[in-house]
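Trainee: Okay, so the sequence shown: first residue is 91 according to this note's numbering, each after it adds one.
Can you keep this structure in mind? I'll have questions shortly.
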Amino acid sequence: MKKDKKSITGNKGDSNNSASQSSENALVKFDPLQRYLQEISRYKLLTREEERDLAIRVYEHGDKEAAYILATSNLRLVVKIALEFQRIWMQNLLDLIQEGNIGLMQAVGKFDPYKNVKFSYYSSFWIKAYVLKFIMDNWRLVKIGTTQGQRKLFFKLKKEKQRLIDEGFDPKPKLLSQTLGVSEREIVDMELRLDGWDLSLDAPLKDDSDTERIEFLSTADESTEEKVAKKEIESLLHNKIEEFKKKMNKRELEIFNLRIFSDDPATLQEIGDRYGISRERVRQIEKGLIKKLREFFKHEIPDFDSYAFKDEIE
Numbered sequence: 091m092k093k094d095k096k097s098i099t100g101n102k103g104d105s106n107n108s109a110s111q112s113s114e115n116a117l118v119k120f121d122p123l124q125r126y127l128q129e130i131s132r133y134k135l136l137t138r139e140e141e142r143d144l145a146i147r148v149y150e151h152g153d154k155e156a157a158y159i160l161a162t163s164n165l166r167l168v169v170k171i172a173l174e175f176q177r178i179w180m181q182n183l184l185d186l187i188q189e190g191n192i193g194l195m196q197a198v199g200k201f202d203p204y205k206n207v208k209f210s211y212y213s214s215f216w217i218k219a220y221v222l223k224f225i226m227d228n229w230r231l232v233k234i235g236t237t238q239g240q241r242k243l244f245f246k247l248k249k250e251k252q253r254l255i256d257e258g259f260d261p262k263p264k265l266l267s268q269t270l271g272v273s274e275r276e277i278v279d280m281e282l283r284l285d286g287w288d289l290s291l292d293a294p295l296k297d298d299s300d301t302e303r304i305e306f307l308s309t310a311d312e313s314t315e316e317k318v319a320k321k322e323i324e325s326l327l328h329n330k331i332e333e334f335k336k337k338m339n340k341r342e343l344e345i346f347n348l349r350i351f352s353d354d355p356a357t358l359q360e361i362g363d364r365y366g367i368s369r370e371r372v373r374q375i376e377k378g379l380i381k382k383l384r385e386f387f388k389h390e391i392p393d394f395d396s397y398a399f400k401d402e403i404e
């Protein structure tokens with residue numbers, strides 16, 4: 091079919107306007123994030139019934155079309171979770187989104203629709219695990235997570251500052267270094283890293299739209315169903331930990347409580363002095379307990395690797 095010449099070239103009278111428009115467009119910076127948000131806004135959100143039907147098709151028949159629909163309808167969730175980690179990452183948000191999407195696909199393949207847990211809640215564990223692992227593996231400028239002190243700061247600095255403020259203290263580096271057990275220099279360095287750029291959620295989704303990114307990404311608070319599911323998971327983990335503790339001797343139990351599951355872990359030297367053993371021996375016992383705990387959970391809890399809790403014992 092022959093195309094209308096006018097539709098391709100425009101008429102002569104419009105040539106100057108077209109050239110002017112092209113010149114203006116050439117000066118507009120391309121925003122890949124905005125383009126991505128526009129793209130995923132095409133996919134509709136699913137009702138609980140639609141989600142369940144699709145999940146059953148994937149679970150029982152390996153239906154690829156159903157898996158595609160289930161995944162694309164949750165791409166907004168990946169962006170929302172990636173934004174939660176952006177303050178720490180402070181680099182290309184799309185990198186986090188890409189990793190989160192991989193986690194989402196893992197969740198699609200492993201989700202059991204008969205366990206009465208909402209897919210978005212289940213998949214959020216996978217998404218967070220992949221995003222967090224990417225950050226820890228790819229931090230190049232500052233290498234967060236290299237030392238025990240840095241790991242503690244990476245996760246606890248903001249929470250500790252707020253705790254001190256709530257108790258009426260001024261969270262200066264010196265006080266923070268004492269409460270977190272790291273040097274003042276590490277506190278100052280980490281504060282500089284965490285005070286970086288934040289994505290502006292007030293930016294419009296499209297140039298000609300009044301819809302802001304925050305409106306596009308916002309979701310309701312946890313539903314009653316999600317809260318119940320979360321409580322069940324936490325209760326399950328707590329009960330299993332208590333079961334695991336019964337398998338330990340007195341020394342192992344003390345190392346477990348003081349090192350692995352303590353907000354303020356004792357040093358290897360402190361425990362070594364208490365039992366008259368070397369720091370290295372304490373470290374070996376701790377490492378062995380962590381390995382046993384992971385194996386215990388894998389045996390006792392189906393899909394253990396999908397729970398966010400697993401990051402705490404690695």
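For each residue, glycine too, the CB sits at the ideal point set by N, CA and C.
Is it buried or exposed, E385, if we count other Cβ atoms within 10 angstroms and call 16 or more buried?
Mentor: By the 10 Å Cβ count, E385 comes out exposed.
Trainee: Return the chain-ordered ranges of every alpha helix (DSSP H) run that is complete within the segment 334 to 374 and spans a minimum of 4 residues.
Mentor: List check, alpha helix (DSSP H) in window: 340 to 345 and 358 to 365.
Trainee: I158 lies in the alpha helix (DSSP H); which residues open and close that run?
Mentor: According to the sequence provided, residue 158 is Tyr. The question's Ile does not apply to it. Here the alpha helix (DSSP H) through Y158 covers K154 to T162.
Trainee: Going by C-alpha distance, which of I277, D260 and G258 is nearest S267?
Mentor: Checking every option, the nearest Cα to that of S267 belongs to I277.
Trainee: What did DSSP end up calling E140 once you bin it into helix, strand or coil?
Mentor: Here E140 sits in helix by DSSP.
Trainee: Pick helix, strand or coil for V169, following the three-state DSSP scheme.
Mentor: V169: helix per DSSP, three-state reduction.
Trainee: Closer than 6 angstroms: is that where the CB of R369 sits relative to any heavy atom of the ligand GDP?
Mentor: In terms of ligand content, the structure shown is empty, and the ligand GDP therefore cannot be addressed.
Trainee: Expressed to the nearest angstrom, what Euclidean distance is found between the alpha-carbon atoms of N164 and K335?
Mentor: About 38 angstroms.
Trainee: With a threshold of 6 angstroms on Cβ separation, who are the neighbours of P355 within its own chain once the five nearest residues in sequence on each side are excluded?
Mentor: Here the set comprises R349.
Trainee: In whole angstroms, give me the CA-to-CA distance for I255 and L173.
Mentor: So the alpha carbons of these two residues sit roughly 25 angstroms apart.
Trainee: Using a 10 Å radius around the Cβ and a threshold of 16 neighbouring Cβ atoms, would you call L184 buried or exposed?
Mentor: The residue is exposed, with fewer than 16 neighbouring Cβ atoms inside 10 Å.
Trainee: Would you grab the beta carbon distance between I217 and L194 for me? Rounded to a whole angstrom, and I think it's under 8 angstroms.
Mentor: Rounded, the Cβ-Cβ distance is 6 angstroms, consistent with contact.
Trainee: If you draw a straight line from the alpha carbon of S131 to that of L123, how long is it in whole angstroms?
Mentor: Those two C-alpha atoms are separated by around 12 angstroms.
Trainee: With DSSP collapsed to three states, give me the class of R132.
Mentor: Here R132 sits in coil by DSSP.
Trainee: So V168 and G199 are in contact, right, with Cβ under 8 angstroms, and what is the actual spacing, rounded?
Mentor: In fact, because the Cβ distance is near 15 angstroms, the residues do not count as touching under 8 angstroms.
Trainee: Do L186 and F201 have their CB atoms nearer than 7 angstroms?
Mentor: No.
Trainee: Run the CB neighbour count on F351, radius 10 Å, all protein chains shown included, and call it buried at 16 or more, exposed below.
Mentor: The residue is exposed, with fewer than 16 neighbouring Cβ atoms inside 10 Å.
Trainee: Can you have a look at S273 and say buried or exposed, based on whether 16 or more other CB atoms are within 10 angstroms of its CB?
Mentor: Exposed, because fewer than 16 other Cβ atoms sit within 10 Å of the Cβ of S273.
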